[in-house]
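One point on numbering: in the numbering used here, the residue at position 171 of the sequence shown is 171, and numbering is uninterrupted. Yeah, the Cβ is synthetic: ideal placement off N, Cα and C, and Gly gets one too. Each remark here refers to the structure printed beneath this line.
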Amino acid sequence: MRIAFVNDSCERIGVEYISAVLKLHGHSVKLFIDPQLFDDENVTFRPLASLFNYKKAILSDLKFYKPDLVCFSVVTDFYQWACKLAKSIKSEINAPILFGGIHATTVPENVLKNDFVDMVCRGEGEYALLELANSMQKANIDCSIKNIWFKKNGQIIKNDVRPLIEDLDSLPFPDKSLFYEASPHFSKCYFLITNRGCAYSCSYCSNSFMKKFYKNKGEFLRFRSARNVIDELVLAKEKHGISFVRIHDDDFLTHDIPWFEEFSDKYSGLIKAPFACFTHPNSVTPQKAKLLKKSGCHDIELGIQSISSNTRYNIMNRPVTDHQLLYSINTLKDSGINIITDNILGMPNQGSKEIVDLLKFYNENRVMKIYCFGFRHYPATDIIEYSKKKSLLTNKDIEDLENGVEVKTFIQSGDILSFEQKQLQTFFAFLLYLPKIMNNFILKHKLYRLIIPLPYFIHVIFSNWLRIPFKYNWALHITLCRYNHFINKKFLEIFKRSKTSK
């Protein structure tokens, strides 16, 4: 079986695991990348995006590959992108198309309404897609495969959810070569997960849906052993080389102390590459922070999200005390780890005063970098019901977000930021460059109201790229390599065509 994954410009660890399982059982898997130049979450410039459009090249490459199955792993932010591309593929290639990923999992019926989508994979896809590929290889598609919904004779076949994979160590290591061979920009940072699931159910997060989706299907939060994680990294270091590691767990510090002790000893001795990770304030302890530093952690992304305890507890369903917020920052600072904080602006009923309080907080408690994301709703998350009750969302709004219509990504301006909140968001980009006394003066006299909200790309430059030393700025390395590789590739294609036409 020849299986094609069509992907946006982001690395998908879930796709890598699926590919590893499929290849282990004799199937061929190939990745087709849309680099989304000048049309991604950071930079949008339509004339250049049109010039460097790769959709025709993807179609041409797919025709040459002749896939038996075409797959998309889809998030809401890129759902419309996936639909447009899948529609083009369906018109030219005679192969069934499957949509998976969080968007297809949350709103499968909406996705299957598209005549170019034949199947939807809900939840973990490793063994669901293996069973599908095996049945297709026998020229007899099994329409009873758990986790997959099918369209047949105009009807939707809704299959049950299979139990969660309990033993994560039993999985083969993710197929990094799938992405690395498709584009060199993926190899600039090694993406890794050490657990699946999350201990929390924040109302704005898809985990608030996934926990209900997987109810009675096993433990939602599962862990890989430290030895298994190190074995993956040792193999990857030998095969690909590793300059930086990005751990993409929802909360890396949710592991216990014995796990961290083993990980710290082996990582610092065998891998010796700086890494970054995410964590929740409640998971931060002095002992874990010291072990992180010993391991080689360069920076940690800490989910502050809101300075208001009312917003955290009653709107976000995020039980973190004011004391724990400050304690987590100071504990990580004391260990010598650089801190990046995540913050959400524009939450329901959030006024400008709360954002000003957040600015004051960071003016006094400085960190390496401050991310300010504009809040947006995602399908089937718990906060949707709250927003409906507060008349912040209509049924039409919900229908649009389920279809990914006019989506602004969570790292851009989100759904409901007011003009003044956008001014404050812009102020965040420059806060850490200014002395405390100047920031206090600006806030006291509300001079931020003179600020012209800037394009998100400017925010990225000042709050991201300029805040981290180039050596450790994995996101910048990836972006520069992606643009360099695909711009050169496009110009080479144009040059070849011009020579052929002569």
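Excluding five sequence positions before and after I344, the CB atoms of its chain that fall closer than 6 Å to its own CB belong to Q305, F373 and F375, given in chain order. The DSSP assignment places complete beta strand (DSSP E) segments of no fewer than 3 residues inside the region 90-169 at 97-100, 119-121, 148-152 and 155-158, in order along the chain. Short of 7 Å from the beta carbon of K23, and not among the five residues preceding or following it, lie these beta carbons of its own chain, in chain order: V29 and D175. Closest by C-alpha distance to K369, out of L432, A236 and G154, is L432. Of the candidates N94, F52 and V74, the residue whose Cα lies closest to the Cα of N488 is F52.
Beta bridge pairing from DSSP links G374 with L345. As the crow flies, the alpha-carbon of I458 is around 46 Å from that of I156. By alpha-carbon distance to Q137, the top candidate from C277, E399, R2 and W149 is R2. Here C297 has P274, F275, A276, C277 and I337 as same chain residues with Cβ atoms under 8 Å from its own Cβ, once five neighbours each way along the sequence are excluded. The secondary-structure analysis by DSSP pairs I340 across a beta bridge with E301 and K369. In the structure shown, the three-state DSSP call for F220 is coil.
In chain order, S73, C121 and G125 place their CB closer than 6 Å to the CB of G100, counting only its own chain and leaving out the 5 sequence neighbours on each side. Taking C-beta atoms under 8 Å as the contact rule, L178 and H25 fail to qualify, at a distance of about 15 Å. The continuous alpha helix (DSSP H) containing R46 extends over residues R46 to L51. When beta bridges are read from the DSSP output, I33 appears opposite N7. Only residues of its own chain outside the window of five on either side were considered, and among them F5, N7, L178, F179 and A182 have a CB closer than 7 Å to the CB of L31, listed in chain order.
Under the 8 Å Cβ criterion, the region 193-206 counts as touching the region 237-254, having at least three qualifying pairs.
If you compare the alpha carbons of D382, I193, L326 and S268 with that of S283, the shortest gap goes to L326.
Look at Y433 here: in three-state DSSP terms it is coil, with no helix or strand label. Going by beta carbons, C202 and M316 fall inside the 7 Å limit.
Non-local C-beta neighbours of N403 in its own chain, meaning closer than 7 Å and more than five positions away in sequence, comprise N110, ordered along the chain. In this structure, Y456 sits away from Q423, with a CB-CB distance that is not shorter than 7 Å. If you look at V70, you'll find it in the beta strand (DSSP E) that goes L69 to S73. For F191, there is no enclosing alpha helix (DSSP H); the enclosing beta strand (DSSP E) covers residues Y190 to L192. The three-state reading of DSSP puts A199 in coil, since its state is none of H, G, I, E or B. Assigned with DSSP and collapsed to three states, R312 falls in helix. For V405, the three-state secondary structure derived from DSSP is coil. The beta carbon of N228 sits closer than 8 Å to those of L168 and D169, all from its chain and outside the five residues before and after it, given in chain order. In this structure, I97 and F116 form a Cβ contact; the two beta carbons are roughly 6 Å apart against a cut-off of 8 Å. Ranked by Cα distance from I340, the first of N365, Y17 and N439 is N365. Assignment of beta-bridge partners to V245 by DSSP yields Y190 and F275. The beta-carbon distance between F209 and A380, rounded to whole angstroms, is 4 Å. This is short enough to meet the 8 Å contact definition.
Residue nearest to S328 within the set M347, K290, R246 and N349 is K290 (criterion: CA-CA distance). For the 7 Å CB-CB criterion, G346 and L392 do not form a contact. DSSP, read as helix, strand or coil, puts D251 in coil. Between V356 and L443, the C-beta gap is smaller than 7 Å, which places the two residues in contact.
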